[in-house]
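See structure below.
There are 2 protein chains.
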Amino acid sequence: MGGVLEFAVLGLLHESPLHGYELRKRLNLMLGHFRAFSYGSLYPCLNRMEQHGWITKDAAGVVGPGRRAKVVYKLTAEGKEHFQELLAEGGPSQWEDETFGVHFAFFAQTDAHTRIRILEGRRNRLEERSAGFRAGLTRTREKLDNYTLALQEHGLESVEREVRWLNELIASERTKQA
Amino acid sequence: MGGVLEFAVLGLLHESPLHGYELRKRLNLMLGHFRAFSYGSLYPCLNRMEQHGWITKDAAGVVGPGRRAKVVYKLTAEGKEHFQELLAEGGPSQWEDETFGVHFAFFAQTDAHTRIRILEGRRNRLEERSAGFRAGLTRTREKLDNYTLALQEHGLESVEREVRWLNELIASERTKQA
DNA sequence: TTCGTCATGTAATGGGTTACATGATTAC
DNA sequence: GTAATCATGTAACCCATTACATGACGAA
Chain D
6 MGGVLEFAVL GLLHESPLHG YELRKRLNLM LGHFRAFSYG SLYPCLNRME
56 QHGWITKDAA GVVGPGRRAK VVYKLTAEGK EHFQELLAEG GPSQWEDETF
106 GVHFAFFAQT DAHTRIRILE GRRNRLEERS AGFRAGLTRT REKLDNYTLA
156 LQEHGLESVE REVRWLNELI ASERTKQA
Chain L
6 MGGVLEFAVL GLLHESPLHG YELRKRLNLM LGHFRAFSYG SLYPCLNRME
56 QHGWITKDAA GVVGPGRRAK VVYKLTAEGK EHFQELLAEG GPSQWEDETF
106 GVHFAFFAQT DAHTRIRILE GRRNRLEERS AGFRAGLTRT REKLDNYTLA
156 LQEHGLESVE REVRWLNELI ASERTKQA
């Protein structure tokens with residue numbers, strides 16, 4: 006259960022009902038470089054979500070004999086509630102690489118408190134990581150070959166850059182609050 | 006088969022024989038933020054590799070009654086050969102996010118030609134991606150909310166930054182060649 | 001009439017994680 | 001003696017991909 010895909014579907018359907026094909030396009034457009042989902046995971050996921058009662062499948066367009074229905078998925082009341090719960094969580098699972106991006110993409114639907122909680126959690130998580138990087142580098146610098154070293158240093162800089170970005174976002178959230 | 010883990014194990018055992026626990030530590034140290042592997046994937050992978058004849062399992066230390074052996078894994082001749090083949094590939098599969106880092110970490114064991122081929126492939130792959138980002142941004146900029154926009158822009162900058170890094174590496178490989 | 005894109009799905013497979021189970025060795 | 005870390009594994013599960021199968025609709 007859980008999973009990024011489910012959350013993203015909930016978020017997109019929250020804006021408007023969609024059918025699977027369109028859903029997938031928006032998903033991959035929105036998540037850009039973070040992830041790309043295939044139909045092989047999307048449709049089964051939609052079915053599971055229907056069984057949970059979070060969405061409904063409605064046939065759209067003409068459904069004659071020998072015609073296949075175009076299926077439009079729509080959030081139910083329970084689905085909306087479930088999405089709100091997930092949105093408000095802001096716990097450690099929202100700080101991971103794969104999940105953070107998706108949660109961030111739906112920040113417009115959250116309150117400032119949750120936003121700041123997630124942004125700070127993410128930043129702290131990354132700061133731990135960069136500390137680990139630095140520790141590893143000072144400990145083993147001379148034992149690493151140039152390529153491994155270059156990789157570690159580039160990784161460290163990437164993390165530090167994301168931390169700066171998060172700090173800017175946090176600051177702007179705070180001034181918005183005030 | 007294939008997979009990042011297998012390649013990384015081959016690469017580490019190429020340097021020296023190791024037992025599983027140590028292997029995992031080095032793996033996660035070397036790959037830093039890229040990935041982390043658990044024993045639940047490492048040990049089964051080692052078994053598969055043994056069945057392929059790429060590595061051997063040797064008992065190390067005292068093995069008395071009621072004592073468990075410490076198992077040291079070692080590359081076979083076929084294993085070395087297989088690793089060399091994988092190293093020399095430099096095809097599209099080496100340009101992906103998950104694989105590139107691992108291949109890069111073993112660049113010291115490759116020749117300059119392969120290195121440049123992989124670096125350029127990776128750079129081209131990322132340039133396609135950043136072009137896609139830019140296209141998406143100009144097409145949908147006004148339809149996106151501020152958060153989604155911020156995410157896309159940060160993603161774009163990350164990709165552009167990695168492209169610059171790769172260009173520097175490529176340039177330095179070329180001067181080394183000359 | 002054929003090509004591209006829209007559209008919906010399933011089956012097989014892959015490659016990993018978590019939680020569990022067990023035991024040895026080291027440092028305090 | 002006990003806690004931390006070293007050490008080896010298995011079983012159940014998860015979440016995704018690939019390849020496949022099918023078919024509608026619009027434009028050239």
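As they're listed, the protein sequences go chains D and L.
Per this note's numbering, the first sequence runs over residues 6 to 183.
Per this note's numbering, the second sequence runs over residues 6 to 183.
Glycine included, C-beta positions come from ideal geometry on N, C-alpha and C.
{"Check": "Chain-ordered neighbours of Asp150/D on chain L, where CB pairs are closer than 7 angstroms", "Outcome": "Ala113"}
{"Check": "Cβ pair count under 8 angstroms reaching 3, the region 97–104 of chain D against the region 22–29 of chain D", "Outcome": "no"}
{"Check": "Chain-ordered residues of the region 97–128 of chain D with a beta carbon less than 7 angstroms from chain L", "Outcome": "Gly106, Phe109, Ala110, Phe112 and Ala113"}
{"Check": "Endpoints, the beta strand (DSSP E) within which Asp102/D is located", "Outcome": "Taken as a continuous stretch (DSSP letters only), Asp102/D belongs to no beta strand (DSSP E), being part of the alpha helix (DSSP H) at Asp102 to Ala110."}
{"Check": "DSSP three-state assignment for His118/D, whether helix, strand or coil", "Outcome": "helix"}
{"Check": "Burial state of Ala183/D, where buried means 16 or more other Cβ atoms lie within 10 Å", "Outcome": "exposed"}
{"Check": "is_contact[His159/L, chain D] using C-beta, thresh 8 angstroms", "Outcome": "yes"}
{"Check": "The ligand FAD heavy atom lying under 7 angstroms from the CB of Arg128/L", "Outcome": "The ligand FAD is not part of the structure shown, which contains no ligands of any sort."}
{"Check": "Any C-beta of chain D under 8 angstroms from that of Phe138/L", "Outcome": "yes"}
{"Check": "Stretch-stretch touch, CB-based, cutoff 8 angstroms, three pairs: the region 165–179 of chain L with the region 113–121 of chain L", "Outcome": "yes"}
{"Check": "Segment contact, 8 angstroms Cβ cut-off, at least three pairs: the region 157–176 of chain D with the region 9–25 of chain L", "Outcome": "no"}
{"Check": "Proximity winner among Gly16/D, Ala117/D, Glu83/D and Gly126/D, relative to Ser98/D (alpha-carbon distances)", "Outcome": "Gly126/D"}
{"Check": "Proximity to Gly16/D [Cα-Cα], best of Phe111/D, Glu55/D, Lys75/D and Asn33/D", "Outcome": "Phe111/D"}
{"Check": "Contact with chain D by Gly8/L, beta-carbon distance below 8 angstroms", "Outcome": "no"}
{"Check": "Chain L contacts made by the region 21–37 of chain D, where a contact means CB separation under 8 angstroms", "Outcome": "Leu34, Met35 and Gly37"}
{"Check": "Whether Met54/L touches Glu83/L by CB criterion (8 angstroms)", "Outcome": "no"}
{"Check": "C-alpha distance - Glu167/L paired with Leu131/L, whole-angstrom precision", "Outcome": "8 angstroms"}
{"Check": "Gly16/D at chain L interface by Cβ criterion, 8 angstroms", "Outcome": "no"}
{"Check": "Proximity of Gln114/D and Leu92/D at Cβ, strictly below 8 angstroms", "Outcome": "yes"}
{"Check": "Cutoff 8 angstroms; reference Ala117/D; Cβ partners in own chain excluding five residues on either side", "Outcome": "Glu178, Lys181 and Gln182"}
{"Check": "Neighbourhood of Gly58/L by C-beta, 8 angstroms cutoff - its chain only, sequence neighbours within 5 removed", "Outcome": "Thr81, Glu83 and Gly84"}
{"Check": "For Leu17/D, the first and last residue of its enclosing alpha helix (DSSP H)", "Outcome": "Val9 to Glu20"}
{"Check": "Beta-bridge partners of Ala41/D, as assigned by DSSP", "Outcome": "Partner(s): none; Ala41/D has no beta bridge."}
{"Check": "His24/D, DSSP secondary structure in three states", "Outcome": "strand"}
{"Check": "Presumed contact (8 angstroms Cβ cut-off) between Arg128/D and Asn172/D, rounded CB distance", "Outcome": "7 angstroms"}
{"Check": "Euclidean distance between Cα positions of Glu49/L and Gly96/D", "Outcome": "First, the residue type needs correcting, since residue 49/L is Pro and not Glu in the sequence shown. Distance between the alpha carbons of Pro49/L and Gly96/D: 32 angstroms."}
{"Check": "DSSP three-state assignment for Leu80/L, whether helix, strand or coil", "Outcome": "strand"}
{"Check": "Min CB distance Gly141/D to chain L below 8 angstroms", "Outcome": "yes"}
{"Check": "Beta-bridge pairing of Thr61/D - partner residues as DSSP gives them", "Outcome": "Lys79/D"}
{"Check": "Beta carbon proximity, Leu156/L to chain D, threshold 8 angstroms", "Outcome": "yes"}
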